[in-house]
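Enquirer: Going by my numbering, the sequence shown opens with residue 12, and the numbers climb by one from there.
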Amino acid sequence: MDLLLIQRDALASSLVGSLVLAINAKAAGQEVGVLFTQAALAALARGSFDWPRELSGQELRLLLADHAARVGAPVCGGRGDGRQLDAKALVARARDAGVVLYACPIWSALLGLDGGLPQGLQPLDAAGLLELIHAAKTVIGSL
């Protein structure tokens, strides 16, 4: 694997940065994976990704939605005041682009997700996690 991104927090801003980078790297011919762990795995399985205070509020939400296409990010909510960048749909877009999405075995167990991982996430065991990290040419934490 050329690039492994580790997504640990449940901030939509971090998720967007990581997944847009992953999609672009895949489009450039790199072998790319994203490892979901901690709060990011919990948000993907049971909740939602929240925006940090500095990027929240209607004005910024609309600004991000209006410019999402520039980075290939999906938008939901139509064209009106409800539009926003769709972080969860970006996960599906990354998967469809060929980015391999992994679930951390430690946090899968702690969250009780064994056998019930979010759609499209590949399970790993402890040995597989170590091999994934060891084999990656570059490992980057959340962006």
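Glycine is no exception: its CB is placed at the ideal position from the N, C-alpha and C atoms.
Specify, as a first and last residue, the run of the beta strand (DSSP E) that L15 falls within.
Expert: The residue you call residue 15 lines up with position 4 of the sequence shown. Element bounds for L15: 14-18.
Enquirer: With a threshold of 6 Å on Cβ separation, who are the neighbours of V43 within its own chain once the five nearest residues in sequence on each side are excluded?
Expert: As a working mapping, residue 43 is identified with position 32 in the sequence shown. The residues are L14, A33, A36, K37, V110.
Enquirer: Going by C-alpha distance, which of G123, V102, V150, L121 is nearest Q130?
Expert: Position 119 of the sequence shown, counted from the start, is the residue given in the question as residue 130. The shortest C-alpha separation from Q130 is found at V102.
Enquirer: Tell me whether A147 is buried or exposed, calling it buried when 16 or more other Cβ atoms sit within 10 Å of its Cβ.
Expert: As a first step, residue 147 must be located in the sequence shown, where it is residue number 136. Classification for A147: buried.
Enquirer: With C-beta atoms as the reference, is A39 less than 8 Å away from D20?
Expert: Position 28 of the sequence shown holds residue 39. Position 9 of the sequence shown holds residue 20. Not in contact: A39 and D20 (Cβ atoms no closer than 8 Å).
Enquirer: Express the C-alpha separation of R72 and G91 in angstroms, rounding to a whole number.
Expert: Residue 91 sits at position 80 when you count from the first residue of the sequence shown. Residue 72 sits at position 61 when you count from the first residue of the sequence shown. Answer to the nearest angstrom: the Cα atoms are 12 Å apart.
Enquirer: I'd like the span of the beta strand (DSSP E) that includes P134, first residue to last.
Expert: By 1-based counting over the sequence shown, the position of residue 134 is 123. Start and end: 132-134.
Enquirer: Compare the C-alpha of G28 against each of V82, Q49, A54 and name the closest.
Expert: Counting from one through the sequence shown, the residue named residue 28 turns up at place 17. Per the Cα distances, V82.
Enquirer: Could you tell me whether any Cβ in chain C is nearer than 8 Å to the Cβ of T48?
Expert: As a matter of chain content, chain C is missing from the structure shown, which is built from one protein chain.
Enquirer: Given a cut-off of 8 Å, decide if L132 and A108 are closer than it, judged by their beta-carbon atoms.
Expert: To locate residue 108, count along the sequence shown from 1; it is residue 97. To locate residue 132, count along the sequence shown from 1; it is residue 121. No. Outside cutoff.
Enquirer: For P116, I'd like the list of residues in its chain whose CB is within less than 8 Å of its CB, leaving aside the five on either flank, ordered along the chain.
Expert: In the sequence shown, the residue the question calls residue 116 occupies position 105. If we look at P116 and ignore the five residues flanking it on each side, its Cβ neighbours are P134, L135, D136, A137, G139, L140.
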